[in-house]
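Engineer:
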Amino acid sequence: MAPQDTTNTSTDGGLDPFSRGYAGSLDETDPLSSFRFNFHIPTLADLKRPTLTKPPEEEPSKPCTYLCGNSLGLQPIRTADLINAFLTQWRTRAVTGHFTDLPDSPLPPFLDIDDHAAKLMAPIVGAVEAEVAVMGSLTANLHFLMSSFYRPSKKGEGRWKILLEGKAFPSDHYAVESQIIHHDLDPAEAMVLLEPTDSHIPILPTKQILETIDKHASELALILLPGIQFYTGQYFDIQTITAHAHSHGILIGWDLAHAAGNVDVKLHDWDVDFAAWCTYKYLNSGPGAMAGIFVNEKFGKVEMEGSTPKFWPRLTGWWGDDKSTRFKMTNKFVPRPGARGYQLSNPSALDLAAVVASLQVFNETTMAELRQRSLRLTTYLEQLLDGITLRHPGIFDIITPRDPEERGAQLSIRLAPGLLDNVLEHLEHQGVIVDERKPDVIRVAPAPLYNFFVDVFHFCQVLEEALIKASEPLTT
Ligand SMILES: Cc1ncc(COP(=O)(O)O)c(C=O)c1O
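Everything in the sequence shown is counted per our numbering, starting at 550 for the first residue and increasing by one.
1. Within its chain, find whatever has a CB closer than 6 Å to the CB of PRO657; leave out the 5 residues flanking it on each side and keep chain order.
2. Does the Cβ of CYS617 lie closer than 8 Å to at least one heavy atom of ligand 1?
3. Assign MET878 to one of two classes, buried (16 or more other C-beta atoms within 10 Å of its C-beta) or exposed (fewer than that).
4. In whole angstroms, what separates the C-alpha of ALA906 from that of VAL1003?
5. Decide yes or no for the touch test of the segment 642-658 against the segment 791-802: beta carbon pairs closer than 8 Å, at least 3 of them.
6. Does the separation of the CB atoms of GLY980 and LEU593 fall below 9 Å?
7. Going by DSSP, name the residue or residues bridged to TRP867.
8. Is VAL683 helix, strand or coil by DSSP?
9. Identify, in the order they occur along the chain, each residue of the same chain with its Cβ nearer than 7 Å to the Cβ of PRO701, setting aside the five sequence neighbours on each side.
10. Cβ of HIS975 versus every heavy atom of ligand 1: is any distance shorter than 8 Å?
11. In its own chain, which residues sit with a C-beta less than 8 Å from the C-beta of PHE584, not counting the 5 before and 5 after it?
12. Given the structure, does SER720 come close to ligand 1, in the sense that its CB is under 8 Å from one of the ligand's heavy atoms?
13. Quick check on SER720: does DSSP put it in helix, strand or coil?
14. Run the proximity test for THR688: is its beta-carbon closer than 8 Å to any non-hydrogen atom belonging to ligand 1?
15. Is the closest heavy atom of ligand 1 to the C-beta of LEU694 under 8 Å?
16. Is ASP804 a contact residue of ligand 1, with contact defined as CB to any heavy atom under 8 Å?
17. For SER961, which of helix, strand or coil comes out of DSSP?
18. Out of SER686, ALA917, ASP630, which has the shortest C-alpha to C-alpha gap to GLY837?
19. Ordered along the chain, which non-local residues of its own chain (more than five positions away) have a Cβ less than 8 Å from that of CYS510?
20. Could you spell out where the beta strand (DSSP E) holding LEU774 opens and where it closes?
21. Going by the C-beta, is LEU691 closer than 8 Å to any heavy atom of ligand 1?
22. Mapping the DSSP letters down to three states, classify LEU581 as helix, strand or coil.
23. Tell whether a beta-carbon distance below 9 Å holds between ASP900 and ARG885.
24. Taking the beta strand (DSSP E) that MET916 falls in, what are its first and last residues?
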């Protein structure tokens, strides 16, 4: 029996958790439910229409069930207003838009828009304001930060290796590999790869990570790990692993692509050395939007010895230069203190308008509150999924850790072999958007800002139908 649509009561007379009525009651009582109304949710007609423009005769349509914010977040309604404000500011002020403060504009002068974005971003990753910059894109920023934090000794002498996951996101793997080659070292020797002990359970326990650090400590120059693993949804124990790396004198950076805007990381308190993340997933800033970096305040210090600035080594560009002297064109680089001293180019104000729009929404609540809501949503998802496997044993398993503290919003569901394509086809046909990782995994992420419990319920209902349908040819 699939989760019920019609019968809402359980045997004790209360609402049955496996009913739409129960899911709806959770939405009604949840204090953050109304954040959903800050977002555009594509309708079923939007998704099916072959054109961008809606024909006038089109019937009104229901919103789709979108559980794919781990891949691309939805568009905040205010994004269009802020992008329009940017266009107006550019159209009516041209170059003076860099400097003119317009009291009725939702955006600061172009010259300050990156600082404004960083200020809004800092609380989302638990950083002191100066530790964050909004710049570039994720892979480019990882390279850029590694150019600063991966400074290997010669092979066999001191620290020259990097510890990362064997199944890191390919871009992270390539970035590490090419950094190693860039230093004339051999990736086969210099990459220490963390592999799960049982390939069927792709989780990396903290104990294993700490032991691997111990084993290679004297040779490790850097550790690069994900805050949340893109495939399994595992939330790494950033605080414990960072402290352990530091106890061996190893620098550690975190890729927070799947963690920023999802879980309440505390980068400053956890003493992380550096981190990088994109803004198009849980941070809802649009495809390829400008990204974020965190640089621990100790690596952002600038001390003057006479007229010579002393600072942590980095690749430099004029946007990292002291703001008061940036336009003096002296060719004498004095970095701004903090992460902003790591900026290179003047940023796209168009892009940042979208980032600011999204961050404004986040700043109307806190990550601590969002995380609490996220725990409720994902636990509900897990409960309904467990109900399906009780009715259809072996049809899938959940590879994401079962401990809520060890995961974010996402659950990764590994289907029995051969079901994926048909299941996805059915989900798509019913207007349910999730994400797939071949050969057998679907990733489902109720985004804490805009998903309803009813979305979770509806997904599970359609998933069960899809599984039954997809299994038919296998069982008959
Ligand atoms: C964990 C992780 N690292 C790196 C990337 C690459 O990001 P970008 O294309 O923005 O450089 C992604 C993209 O999804 C990702 O999920």
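Backbone N, C-alpha and C define an ideal beta-carbon position, used for all residues, glycine too.
Structural biologist: Looking at the atomic coordinates:
1. Same-chain partners within the cutoff: HIS665.
2. no
3. exposed
4. 26 Å
5. no
6. yes
7. According to DSSP, which records beta bridges pairwise, TRP867 is partnered with nothing at all.
8. DSSP places VAL683 in the strand class (E or B) of the three-state scheme.
9. ARG708, TRP709, HIS732, LEU734, ALA770
10. no
11. VAL910, GLU913, THR914, LEU998, TYR999
12. Distances taken from the Cβ of SER720 to the heavy atoms of ligand 1 include one shorter than 8 Å.
13. helix
14. THR688: yes, Cβ under 8 Å from ligand 1.
15. For ligand 1, no non-hydrogen atom lies closer than 8 Å to the CB of LEU694.
16. yes
17. strand
18. SER686
19. Shown here, the chain extends from 550 to 1025; a query on residue 510 therefore has no answer.
20. 769-775
21. The answer is yes for LEU691.
22. coil
23. no
24. Segment 916-940 is the alpha helix (DSSP H) holding MET916; no beta strand (DSSP E) there.
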